[in-house]
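Report on the following structure.
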Amino acid sequence: MKSLFLAFANPIYTQIHVLEQQNQKLKQARDILLPKLMNGEIEV
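First residue of the sequence shown: 287, per this note's numbering; consecutive thereafter.
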């Protein structure tokens, strides 16, 4: 029963970890780009 649960849950926890890493990278990009966009250093 435990192994069945782990087989089901492990991919979910792996996906959560990957998404957390992606969110961190997106936050860093936002923090770098937003001030430049607001100051007119970057045009859209």
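Where a beta carbon is used, it is the ideal one built from N, C-alpha and C, also for glycine.
Here the alpha carbons of A295 and K313 stand approximately 27 Å from one another.
If you draw a straight line from the Cα of A293 to the Cα of Q307, it comes to about 22 Å.
DSSP, reduced to helix, strand and coil, places E329 outside both helices and strands of the structure shown, so it counts as coil. Membership of M287 in any alpha helix (DSSP H) is not indicated, and neither H nor E is assigned to it by DSSP.
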